[in-house]
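Have a look at the structure below before the remarks.
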Amino acid sequence: MTERLSALMQLEADRLDVPPPPAGPVLAQGRALRRRRRLSVVGAAASVLLVVGGGAVILGGDDPSRPTPSTGVDAAADPGVTFALGSTVYFDDATQQVTIDDKAVKSLYYTSVGVLVRHGNNSYSDGGGPQRFSLVRPDGTVSPVSVETEETVHATDPEQPYVAYAQDTGGTVEVVVHDVDTDTEVARVPVPGAAASFLPVAISGDKVYLGAEGDDFVIDWSTGEITQPGIVSGYPEIAGGRVSNSEQGSATVADAETGDELLTVSFPDYGYLSLSPDGRFATLEIESMDAGTGEFEVYDVGTGSHVTVQGQVYDFGWTAGGELFRLTQDGFDSCDPATGECTSTPLELDGPIAEAQLGGRTYES
């Protein structure tokens, strides 16, 4: 939660010429602006897109196939319960573990070829210095990835072997897509008109979604085409071809291609729907400080049905295949998002669980 709130606050504060206001008003304004912008254009998004052009360098690879959210992630690519303590990464439902050759793990990302680990001099997501990467393959092999960044947001799609991010290269924002399996850069696309000190992205299929101080861009990295459909804005949360947006009193999950609404949830506060990595489920996360009721709702995006899960929502991570889990003093709990039923697995852990990095919860800035 801390990283997501920090990211949203920074995004809104960058737009102002005055000192940043308190967190509550900033988040309220940001989500209201995002929602209003999306609603103002979503009706025409499928047929009228503003093409802003820009050259692209496509460096290799076949055209990726589009994701199919309803089918979820291939079981072969799902490492199950995945988390990190210190420099140790636990995966395959915590039956395997590997040590990353660095001081600390910052966050974990799911890909089709293994778990991508972001690590560095400390576990901080904000202001933590250099960000380095390693790929933990299903057989436990650790492969270094030659991407090193600082103060950069990264994103993956669990159905693909790529990590995406944006960087300002001397006044020009470029979206980069890197294949972590072969450790090669496969695309670098300049985005004319994008300007910001904070450039959050999401990737789903052959699209990279970029937020740049109120402007949102959708980049087809396989062709270099850039559009501004107004479907996403700010910090894009996209998974399985679906996007989550919110305003005061409601949150919506929509199709990231067309803007068609798939799920809307109302509530008497500020909050949002946080998608599972495969886009099939979403947790309702209320931002009010007094919202700690000890339970939360999980929604099936396709059907709109929902169940109640016991526990604090911010203690839970997601598996790549859309199962909730949390660490306990005795091991971990796995929860079925369709039924709300949880099972406990005993496990001895070396380190305080409060300092763990959970898979499927990788908000950063």
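Remember, the working numbering sits 586 above the position in the sequence shown when you count from 1. Glycine residues also receive a C-beta, built at the ideal position from the N, C-alpha and C atoms.
Query	Result
Measuring alpha carbon to alpha carbon, tell me which of Ser673, Ala680 and Gly666 ends up nearest Glu934.	Ala680
By alpha-carbon positions, which one of Asp765, Val766, Val703 and Ala782 ends up nearest to Ala576?	Lying before the first or after the last residue shown, residue 576 is absent from the chain, which here runs from 587 to 951.
Grab me the residues of Thr735's own chain with a C-beta within less than 6 Å of its C-beta, minus the 5 sequence neighbours each way, in chain order.	Gln717
From the DSSP secondary-structure annotation, give me the bridge partner or partners of Trp807.	Partner(s): none; Trp807 has no beta bridge.
Is Glu734 helix, strand or coil when you go by DSSP?	strand
Pair every Cβ in the segment 825-834 with every Cβ in the segment 804-811, then say whether three or more of these pairs are closer than 8 Å.	no
Decide if Gln746 is buried, meaning its Cβ has at least 16 other Cβ atoms within 10 Å, or exposed.	buried
Tell me which residue opens and which closes the beta strand (DSSP E) that Glu941 is part of.	Here Glu941 belongs to no beta strand (DSSP E), and DSSP marks it neither H nor E.
Assign Arg947 to one of three DSSP states: helix, strand, or coil.	coil
Could you have a look at Asp767 and say whether DSSP puts it in helix, strand or coil?	coil
Taking C-beta to C-beta, are Leu785 and Ala752 nearer than 8 Å?	yes
If you check the beta carbons only, do Leu688 and Gly706 fall under 8 Å apart?	Sequence inspection shows Asp at residue 688; the Leu mentioned does not correspond to that position. Against a cut-off of 8 Å, the Cβ pair of Gly706 and Asp688 comes out as a contact.
Can you give the Cα-Cα distance for Val762 and Thr742, rounded to whole angstroms?	12 Å
Report all residues from its chain with a CB closer than 7 Å to the CB of Leu944; omit the five preceding and five following residues, and keep chain order.	Phe669 and Gly903
Rounded to whole angstroms, what is the Cα-Cα separation between Gly756 and Ser693?	28 Å
Measuring alpha carbon to alpha carbon, tell me which residue in Tyr900, Asp922 and Asp855 is nearest Tyr885.	Asp922
Within 10 Å of its beta-carbon, does Gly726 have 16 or more other beta-carbons around it, so buried, or fewer, so exposed?	exposed
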